[in-house]
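Here's the structure we're looking at; comments come further down.
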Amino acid sequence: MADKYQIKDLDLFYGDFQALTDVNLNIEEKQITAFIGPSGCGKSTLLKTLNRMNDLVDGCRITGQVLLDGVDIYDNYDVNLLRKNVGMVFQKPNPFPMSIYDNIAYGPRTHGIRKKALLDDIVEESLRKAAIWDEVKDRLKRNALSVSGGQQQRICIARALAVEPEVLLMDEPTSALDPISTNKIEDLVLDLKKYYTIVIVTHNMQQATRISDATAFFLLGKIIEFDATSNLFSMPKDKRTEDYITGRFG
Amino acid sequence: MARTHFVNELNQLNIELIDMGTLIEIAIDKAIHALNERDAELAQEAIEFDDKIDKQERKIEQHCIKLLMNQQPVAKDLRMISCVLKIITDMERIGDHASDISELTKRISNDNNSFEFPYFEKMAKICVKMVTDAVDAFVTSDLELCRNVIAMDDQVDALFNEAKESIIASLQSNNNQSDVYVDALMIVKYFERIGDHAVNIAEWVIFSITGMHKDIRIV
Amino acid sequence: MFHSKPKSTFYKAHPLSLLIKILVWASVCITAFVLLFIIAYIFIKGVPHFSLDFFSLKYNSNNVSVLPSIITTIYMILISLLTALPFGIGCAIYLTEYAKESRFVRYIRVTTETLSGIPSIVYGLFGMLFFVTYLKWGFSILAGSLTLAIMILPLIIRSAEEAIIAVDNTYREASYGLGASKLRTIFRIVLPAAISGIFAGVILAIGRIVGESAALIYTAGTVAKIPISGFDSARTLSVHMYALSSEGLNTDKAYATAVVLVALVILINFLANTITKKVGNK
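Chains as they are written, first to last, in the numbering used here: chain H, 6 to 255; chain G, 21 to 239; chain D, 763 to 1044.
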């Protein structure tokens, strides 16, 4: 299978602090790749370099290359187009304080779609893909903040899908949710794998084993081990990976 | 070190498994002793001893399942616990076979004849060594020892074939003791089975150490 | 059980807690009493002097009609806000979303804070010198409301700034994450989310406009007629009250005017709250 992302010799600094060191990683198309590691290990930072959300951080500087479909996204790349192609779902469900419909339509409207009929179709299709259509179809005009946390997160996923991305970045998408909502999101992520390349940061190692195809283990800004998830969790090669996943760490 | 409780539980599981290893060694020992002495009483004792092994198997089984439920182990912990779950089944079967041998011992002893059969002692010796080594290999995570155990099985199989030939020859020349010879055949077959179970144990210990079972990646 | 422990034992063990509780309750009672007393006093003194010709279209020294002042006040509010809001919100957006912490930004902050501390009479003098005299507008609604606009600008900036800062950063991230530009993010996401906070500032600003008299006497004058153009001189309710009570002839009517003023403020607050809720729930 083809590589969606190729990350080559990536170093990332926040001011004087080096947050990522010599990261080399290939992310396969239409697979789920999980980033695991202790807090502050750089996994979220790397996730944010994949759609250049780090641009918003003052004093953030990178060297090396991040290739998306073979094109360096840090070299003369339209950042708004990049973020259209690489959707993001955040740790805390963050629907905009507007109606469910407007939440989903925000992205398409941003990219110039104005026709009501077309927007209606996009909203419905996105909500269906995010497995939440049946739950909200009768209250599309209601404020998105009026539904439960798990539903809000699926609305956020639908919102990301509405701009037809190819990649979906998820930053601990279930850490604020109860187990049932978490299961729904995990099921959804496994379904979405058919159409999207998914990269997920998670603190929950069981989650990584349940849904991901490949897992990268980060420590102190470096990738210690990157392997098929089943290999990494049954027979890790590095002692530090073993110590972390078996809970002997620190 | 984090997860102290879990680590303690794993150590406890290790001890329980060593205990079970000791129990089957005793069981085989008793069975062989009774066989050598043609001692029906000792044989009965060996049969009753099997209960302890069954109970120990139960205990370890419950412990493993509890750990799987509570701790969701991964990596070496997962390999160790699944290895334990597999090898206690083989250990329990070894115990059963020791008890089966003793049942037959009782019949041979009751016949009150002067039946001599050198293969019992030869096979018993190797089987005891295989079982002891397999358990030791688990305790010390010794890959080399595991491979030795697996290699030793060839000797047991060879001895079994020789014993079988010898019994067939005896049956053809001497008809009035045929029932004893059939019992003897079954006894050597049980020894051969014990050797097979020791091999199974060694193979699962290899999995616990390397993640490979019979050279195939399981997960 | 812990929570069913009798309170008396608790306060016996913690006498300081009892003292503080009493103090808190006392403050609440005093505040509420003072407020109710003032309102009741004004109403008792003012309501009996309501009459039909108190609301007649033309002012004369007999009816001392309040209607021209009501209309002037509303004009004044509208023009000041329409002038101050775009500048204030624009400034707040710049300070929060664009400006990096720099010396320049710190100067702007100090300036706005200083402006909000200046007594209104100083604004009045400035308004008189600049709008009335230098620009030759004379005493006029326009001069008055622009003076007021300058006066409420710091208030609007501060409240808008705080409201914008309070907008959850995850909204911005989500918007950028969908490929939206900074401008779109500010106008479609940040400002709508901040609107209720901005409205709170607007309500405070209206309070200051309605309550202002000193600055207006120097800039809008005290003519008690319904203004036709922006260059007409006119008096707001506060100025009307001030005029009535300082003339000493119609003190009763001054109380009646106060009732109208209080009613107007309550009405405006109510309207603003309703609008905020409507916008917030959209």
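Glycine is no exception: its CB is placed at the ideal position from the N, C-alpha and C atoms.
Every value quoted in this text rests on a predicted model; they were computed, and no experiment measured them.
Among the CB atoms of chain H, none fall inside 8 Å of the CB of residue 927(D). Proximity of residue 252(H) to chain G, defined by a Cβ-Cβ separation below 8 Å, is satisfied.
Taking a contact to require three or more Cβ pairs closer than 8 Å, the region 141-150 of chain G and the region 166-176 of chain G qualify as touching. In this structure, residue 105(H) sits away from residue 76(H), with a CB-CB distance that is not shorter than 8 Å. In this model, residue 243(H) and residue 963(D) are separated by some 58 Å (Cα to Cα). Beta bridge pairing from DSSP links residue 221(H) with 40(H) and 231(H). Annotated as proximal: residue 178(H) and residue 94(H), with beta-carbon spacing under 8 Å. When rounded, the separation of the alpha-carbon atoms in residue 147(H) and residue 103(H) is 8 Å. Relative to residue 68(H), the option among 62(H), 79(H) and 61(H) whose CA is nearest is 79(H). In this structure, residue 925(D) lies near residue 956(D), with their beta-carbon atoms less than 8 Å apart. Counting the other Cβ atoms within 10 Å of the Cβ of residue 864(D) gives fewer than 16, which makes it exposed.
Residues 217, 220 and 221 of the same chain have their beta carbon placed closer than 6 Å to that of residue 110(G), with the five preceding and five following residues left out of the count. Within the region 22-39 of chain G, contact with chain H at the beta-carbon level (separation under 8 Å) is assigned to 22, 23, 26 and 27. DSSP, reduced to helix, strand and coil, places residue 55(H) outside both helices and strands of the structure shown, so it counts as coil.
Contact of residue 235(G) with chain H is not assigned, every C-beta pair being separated by 8 Å or more. Distances from the CA of residue 122(G) to each of 66(G), 180(G), 32(G) and 33(G) were compared; the closest alpha carbon is that of 66(G).
Of all residues in the region 189-212 of chain H, only 210 and 211 place a beta-carbon less than 8 Å from a beta-carbon of chain G.
In the DSSP annotation of this structure, the continuous segment of the beta strand (DSSP E) that includes residue 13(H) starts and ends at 8-19.
Residue burial is scored here from C-beta neighbours: residue 56(H) has at least 16 other C-beta atoms within 10 angstroms and is therefore classed as buried.
The beta carbon of residue 175(H) sits no closer than 8 Å to any beta carbon of chain D.
Within the region 57-134 of chain H, the runs of alpha helix (DSSP H) that reach at least 4 residues and sit entirely inside it are, in chain order, 84-90, 105-115 and 121-134. Taking the beta carbon of residue 935(D) as reference, the chain H residues within 9 Å of it are 58, 61, 93, 95 and 99, listed in sequence order. For residue 874(D), the enclosing alpha helix (DSSP H) covers residues 865-879. In the displayed model, residue 23(H) falls within a strand according to three-state DSSP. Residue 28(G) counts as exposed, since fewer than 16 other beta carbons sit within 10 angstroms of its beta carbon. Listed by position along chain H, the residues whose Cβ is nearer than 9 Å to that of residue 943(D) are 85 and 115. The shortest CA-to-CA distance from residue 206(H) to any of 15(H), 23(H), 44(H) and 33(H) is the one to 44(H). The region 195-211 of chain H and the region 16-25 of chain H do not touch, with fewer than 3 CB-CB distances between them shorter than 8 Å. The Cβ atoms of residue 10(H) and residue 940(D) do not sit closer than 8 Å to each other.
According to DSSP, residue pairing for residue 952(D) in a beta bridge does not occur.
Interface residue (Cβ-Cβ distance to chain G less than 8 Å): residue 18(H) is not classified as such. Think of a sphere of 8 Å around the beta carbon of residue 214(H): the chain G residues whose beta carbon falls inside it are 94, in chain order.
Among the residues facing chain G, residue 241(H) is included, as its CB has a counterpart in that chain under 8 Å away.
Residue 171(G) is positioned such that its CB atom lies no closer than 8 Å to that of residue 126(G). Beta bridge pairing from DSSP links residue 202(H) with 172(H). Residues of chain H with a Cβ closer than 8 Å to the Cβ of residue 98(G) are, in chain order, 238 and 239.
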